[in-house]
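Be aware that the sequence shown starts at 62, since it is given in the numbering used here, and climbs by one per residue.
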Amino acid sequence: MKYDVVIGIEVHIQLKTKTKIFCGCGTDFGAEPNTLVCPVCLGFPGVLPVLNQKAVEYGMTAGLALNCEITPLSRFHRKNYFYPDLPKAYQISQYDQPLAINGYINLPDGKRIQITRAHLEEDAGKLIHSGDRSLVDYNRVGTPLLEIVSEPELSTPQETYDYLTALKAIIKYTGVSDCNMEEGSLRCDANISIKPEGAATLGTKAEIKNLNSFRAVERALIYEIQRQTKLVDSGEKVVQETRLWDEKKQITSSMRSKEEAHDYRYFPDPDLMPIQISPEHVQSIQKSIPELPQAKAKRFVSQYSLPEYDVQILVADRDLADFYEKTVHLAANPKMVSNWIITELLGLLGEVKIGINDCQVTPEYLSQILQLIENKTISGKIGKEVLLEAFKTGVSPEQIVKEKGLTQITDTNELESMITKILQENPKAVEQYREGKKQALGFFVGQVMRLTSGKAQPETVNELLKKHLE
Ligand SMILES: [Zn+2]
Numbered sequence: 062m063k064y065d066v067v068i069g070i071e072v073h074i075q076l077k078t079k080t081k082i083f084c085g086c087g088t089d090f091g092a093e094p095n096t097l098v099c100p101v102c103l104g105f106p107g108v109l110p111v112l113n114q115k116a117v118e119y120g121m122t123a124g125l126a127l128n129c130e131i132t133p134l135s136r137f138h139r140k141n142y143f144y145p146d147l148p149k150a151y152q153i154s155q156y157d158q159p160l161a162i163n164g165y166i167n168l169p170d171g172k173r174i175q176i177t178r179a180h181l182e183e184d185a186g187k188l189i190h191s192g193d194r195s196l197v198d199y200n201r202v203g204t205p206l207l208e209i210v211s212e213p214e215l216s217t218p219q220e221t222y223d224y225l226t227a228l229k230a231i232i233k234y235t236g237v238s239d240c241n242m243e244e245g246s247l248r249c250d251a252n253i254s255i256k257p258e259g260a261a262t263l264g265t266k267a268e269i270k271n272l273n274s275f276r277a278v279e280r281a282l283i284y285e286i287q288r289q290t291k292l293v294d295s296g297e298k299v300v301q302e303t304r305l306w307d308e309k310k311q312i313t314s315s316m317r318s319k320e321e322a323h324d325y326r327y328f329p330d331p332d333l334m335p336i337q338i339s340p341e342h343v344q345s346i347q348k349s350i351p352e353l354p355q356a357k358a359k360r361f362v363s364q365y366s367l368p369e370y371d372v373q374i375l376v377a378d379r380d381l382a383d384f385y386e387k388t389v390h391l392a393a394n395p396k397m398v399s400n401w402i403i404t405e406l407l408g409l410l411g412e413v414k415i416g417i418n419d420c421q422v423t424p425e426y427l428s429q430i431l432q433l434i435e436n437k438t439i440s441g442k443i444g445k446e447v448l449l450e451a452f453k454t455g456v457s458p459e460q461i462v463k464e465k466g467l468t469q470i471t472d473t474n475e476l477e478s479m480i481t482k483i484l485q486e487n488p489k490a491v492e493q494y495r496e497g498k499k500q501a502l503g504f505f506v507g508q509v510m511r512l513t514s515g516k517a518q519p520e521t522v523n524e525l526l527k528k529h530l531e
């Protein structure tokens with residue numbers, strides 16, 4: 062039997078406000094445990110939450126960037142449950158009146174995935190298990206989150222991966238979240254079920270948690286499709302339950318079944334007023350949203366005539382896209398700039414694991430190198446060495462070239478005497494060339510480059526060599 066796969070995704074992003082959503086405590090990641098707390102976020106009796114306006118505006122920004130409508134009136138509920146990382150024993154969240162609804166994301170293949178809703182809520186704390194003890198850090202309690210829920214319209218693990226990648230890129234462009242999975246500022250859960258091909262009713266779904274990377278999501282879904290298919294094929298039933306992804310074993314296992322599922326007893330938080338948002342406010346937030354990745358990609362293709370491959374790499378990160386454009390405005394050739402960023406600069410950044418804005422090479426520096434190559438002051442090979450030097454030291458390429466005497470040898474007399482010497486020392490290769498083995502030319506070019514430490518201009522060397530050989 063063949064099956065259709067139905068996947069829905071819930072993403073939590075941490076909004077990058079300076080303070081928490083209902084109190085004035087800071088939100089810095091990595092602070093000493095339990096130093097960013099106060100009676101409000103610790104849920105002491107009698108305290109009153111006060112809504113952080115920035116959190117609402119960041120939520121609106123993300124919602125609008127995901128093509129959602131912002132609802133004119135939304136409300137906070139209390140979601141009641143007991144867990145040691147939640148000192149109030151309830152989480153303030155939005156329930157039937159979320160901040161944003163009816164959005165969508167377009168996947169690279171053109172398929173549109175609807176977003177049901179995006180709502181504000183507060184984060185819980187963190188349990189740290191060590192040996193036979195468990196410790197709790199309440200710093201994260203009350204950090205603003207936006208939960209983004211998709212319609213169950215994803216049909217393959219690959220599509221799910223593409224959806225998450227697109228969502229992360231959009232949110233990062235808006236600047237309202239770092240979307241860093243390692244630091245927990247982006248987390249996701251997946252719902253998955255299978256049904257006979259073409260069937261109208263949905264199968265029983267499993268919810269998968271503990272997904273620490275987009276690749277983990279993809280692998281967990283692949284595993285889950287196989288597991289559910291096996292069950293249904295053998296006449297058994299899929300149980301509605303929460304399952305945890307085990308990264309080590311590469312399997313999912315049952316965490317809790319529906320029987321033990323929570324009844325959250327939602328009710329409107331009596332301490333918080335509903336959020337009323339005017340159309341003017343929505344418009345002003347809409348205006349603040351920058352050009353988003355897909356629009357930028359389209360523009361890069363038409364404005365700079367770049368291949369799709371280059372564009373996808375450059376626009377995946379807004380800082381990188383900005384760096385690219387700044388460099389192009391300083392130097393001339395858009396494709397050359399793209400090549401140097403993708404093959405050289407990203408390689409260097411990857412080695413030391415830093416972002417483009419944290420490195421010492423600026424758009425000015427890269428454009429200097431490209432101009433030095435274009436006006437034939439240095440060769441491409443020397444250009445790479447200069448880039449590495451500038452990357453390590455922060456010294457400008459023009460200065461590096463000047464101080465190290467890397468200017469290309471343009472004196473043909475000097476090159477010619479060098480070539481005469483090389484040809485004399487390698488009679489066999491000369492003979493081979495003259496017998497028609499033209500690839501011997503490459504050997505000679507290499508010899509000249511070695512003797513000049515790469516400072517000869519390849520075209521000139523080629524020309525001179527041919528003249529002497531023929
Ligand atoms: Zn607090």
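Don't be surprised by glycine CBs; every beta carbon is placed ideally from N, CA and C.
A heavy atom of ligand 1 is found nearer than 7 Å to the CB of V101. Remark: fewer than three beta-carbon pairs, one from each stretch, lie closer than 8 Å, so the stretch 94–105 and the stretch 72–79 are not flagged as touching.
Taking E285 as the centre and dropping the five residues before and after it, the same chain places the C-beta of I253, A267, I269 and T313 closer than 7 Å to its C-beta, in chain order.
DSSP places A92 outside both helix and strand once states are collapsed to three, so it counts as coil. When only Cα atoms are considered, G164 and I174 end up about 9 Å apart. Sixteen is the threshold: since fewer than 16 other Cβ atoms of the shown chains lie within 10 Å of the Cβ of R317, the residue is exposed. Residue environment analysis places Y234 among the buried positions, since at least 16 neighbouring C-beta atoms fall within 10 angstroms of its C-beta.
V67 sits in a strand when the DSSP states are folded into three classes.
In this structure, the beta-carbon distance from K81 to P169 does not fall below 8 Å. Spanning the alpha carbons of P148 and V202 requires a straight line of approximately 8 Å. If you check the C-beta of G164 against ligand 1, you find no heavy atom less than 7 Å away. Non-local C-beta neighbours of F328 in its own chain, meaning closer than 7 Å and more than five positions away in sequence, comprise H138 and R139, ordered along the chain. Judged by pairs of C-beta atoms under 8 Å, the stretch 392–406 touches the stretch 364–374, as three or more such pairs exist. The closest CA to that of L134, considering only M334, T468 and Q429, is found on M334. Short of 6 Å from the beta carbon of K516, and not among the five residues preceding or following it, lie these beta carbons of its own chain, in chain order: Q469 and I470.
Looking only at S295, D65, A92 and Q355, the smallest Cα-Cα distance to P257 is reached by D65. Within the same chain, and ignoring the five residues on either side of N273 in sequence, the residues whose Cβ sits closer than 7 Å to its Cβ are M242 and E308. DSSP places L467 in no alpha helix (DSSP H); its state is neither H nor E.
Between the stretch 112–126 and the stretch 290–309, the count of Cβ pairs shorter than 8 Å is below three; the stretches do not touch.
8 Å or more divides the Cβ of V98 from the Cβ of F83.
Around the CB of S211, 16 or more other CB atoms lie within 10 Å, so the residue is classed as buried. Cβ-Cβ distances below 7 Å link P94 to D198 and N200 in the same chain, with the five nearest sequence neighbours on each side left out; the list follows chain order. I269 sits in a strand when the DSSP states are folded into three classes. Annotation for N113: T78, T80, K81, I82, F83 and P205 place their beta carbon closer than 8 Å to its own, counting only its chain and skipping 5 residues before and after.
In this structure, I68 sits away from L127, with a CB-CB distance that is not shorter than 8 Å. Ligand 1 approaches V98 closely enough that one of its heavy atoms is under 7 Å from the residue's Cβ. In this structure, the beta-carbon distance from P110 to D332 falls below 8 Å.
Of the heavy atoms belonging to ligand 1, at least one sits nearer than 7 Å to the Cβ of G203. DSSP places E425 in the uninterrupted alpha helix (DSSP H) bounded by P424 to E435.
Relative to ligand 1, the beta carbon of K81 is positioned inside 7 Å of a heavy atom.
Following the DSSP letters along the chain, one finds Y151 inside the beta strand (DSSP E) bounded by residues Y151 to S154. Cβ-Cβ distances below 7 Å link I483 to F505, Q508 and V509 in the same chain, with the five nearest sequence neighbours on each side left out; the list follows chain order. In the structure shown, V362 adopts helical secondary structure according to DSSP, grouped into three states. When C-alpha distances from T521 are compared across T438, V456, E464 and Y494, the shortest belongs to T438. For the 8 Å CB-CB criterion, I162 and E183 do not form a contact.
L206: member of the beta strand (DSSP E) spanning P205 to S211, first to last residue.
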